[in-house]
Ligand code: AMP
């Protein structure tokens, strides 16, 4: 389904939620429906790591330990990306903000001209672990697979681009537990931050992705 939103102010959608709650999956579906770019700070960082940029080299250790990359580096990288022309009509933010400081900085950047819609994708810790331990990602196009629920047609190969499927270094169980700890400590407080501003919709993510996607579209309307 394709939607077109004829609002004059940009449509900014923020996807909040623990790792593995489906932010990337939903952002991929929504970007096609809304004709907006999907901006994942995790993907941007992985791109920097691949290219061995100074930012990538600084971020790599934090990511592999399940820690957050510093607010300063994230905000600098994000603002650069938001200046690109495809962001004029809005964008879908996946995995950012992740700290109160990032949320406040983003708000200052919006200068009352943008009121983001925040979708909080809720998932229990048990489900997060179960999802991430079995997650595979295409090293080429980033498509996501789950070994039990949405396996690739051919073992180890992406259905879409035939790229190689890998497990992310931070999808190992010890790192997942650390990422969850970091999520509860640093990111979960954003739920209160945005709900105080009446900008937040919480959805349970233990549902089929298509159902979650349709509900998000209804909330945006
Ligand atoms: P993701 O792909 O969103 O799960 O992000 C992977 C990793 O990148 C996270 O575990 C963090 O180490 C880092 N990261 C991504 N986005 C942010 C952010 N907004 N703030 C700090 N670290 C981030």
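Numbering (our numbering), first residue to last: 845 to 1065. Where is the CB? At the ideal position from N, CA and C, for every residue including glycine. Fair warning: this is a prediction, and the values are worked out from it, not measured in the lab.
Residue environment, residue i, which counts as buried when at least 16 other CB atoms sit within 10 Å
i: residue 963; result: buried
i: residue 1052; result: exposed
i: residue 1065; result: exposed
i: residue 872; result: buried
i: residue 829; result: Residue 829 is absent from the model: the chain starts at 845 and stops at 1065.
i: residue 883; result: buried
i: residue 999; result: exposed
i: residue 1002; result: buried
i: residue 1057; result: buried
i: residue 897; result: exposed
i: residue 889; result: buried
i: residue 847; result: Note on residue 847: pLDDT 39, under 50, position unreliable in the model; the coordinate value appears next. Its Cβ having fewer than 16 others within 10 Å, residue 847 is exposed.
For residue i, the first and last residue of its enclosing beta strand (DSSP E)
i: residue 856; result: 855-860
i: residue 882; result: 882-884
i: residue 1043; result: That residue, residue 1043, is in no beta strand (DSSP E); it is neither H nor E in DSSP.
i: residue 982; result: 979-982
i: residue 934; result: 934-938
i: residue 989; result: 988-990
Residue from the options whose Cα sits closest to the Cα of residue i
i: residue 972; options: 924, 903 and 1016; result: 1016
i: residue 1034; options: 999, 918 and 951; result: 951
i: residue 1046; options: 885, 939, 967 and 894; result: 967
i: residue 856; options: 892, 954 and 1013; result: 954
i: residue 1008; options: 896, 982 and 920; result: 982
i: residue 985; options: 991, 992, 1005 and 997; result: 1005
i: residue 1049; options: 996, 854, 965 and 1040; result: 965
i: residue 1011; options: 1028, 993 and 989; result: 989
i: residue 885; options: 854, 895, 1041 and 939; result: 939
Contacting residues, own chain, Cβ-Cβ under 7 Å from residue i (five flanking each side not counted)
i: residue 1037; result: 944 and 947
i: residue 924; result: none
i: residue 1026; result: 910, 911 and 912
i: residue 1030; result: 912, 942 and 943
Own chain, CB closer than 6 Å to residue i, minus 5 neighbours either side, in chain order
i: residue 1060; result: 963
i: residue 858; result: 937, 960 and 962
i: residue 1023; result: 863 and 910
i: residue 987; result: 1002 and 1004
Range covered by the alpha helix (DSSP H) that runs through residue i
i: residue 899; result: 898-909
8 Å Cβ shell around residue i - same chain, five flanking residues per side excluded
i: residue 915; result: 943, 945, 946 and 949
i: residue 844; result: The question about residue 844 has no answer here: the residues shown for the chain are numbered 845 through 1065.
Quiz item: Would you say the stretch 934-952 touches the stretch 972-986, given that touching needs at least three Cβ pairs under 8 Å?
Solution: no
Quiz item: Do the stretch 903-915 and the stretch 1017-1028 make contact, defined as three or more Cβ pairs closer than 8 Å?
Solution: yes
Self-check item: Contact the stretch 857-870 vs the stretch 1036-1055: 3+ CB pairs below 8 Å
Solution: yes
Self-check item: Meets three-Cβ-pair contact criterion under 8 Å: the stretch 931-940 and the stretch 898-905
Solution: no
Quiz item: Taking one C-beta from the stretch 876-887 and one from the stretch 951-958 each time, how about it: are there three or more such pairs within less than 8 Å?
Solution: no
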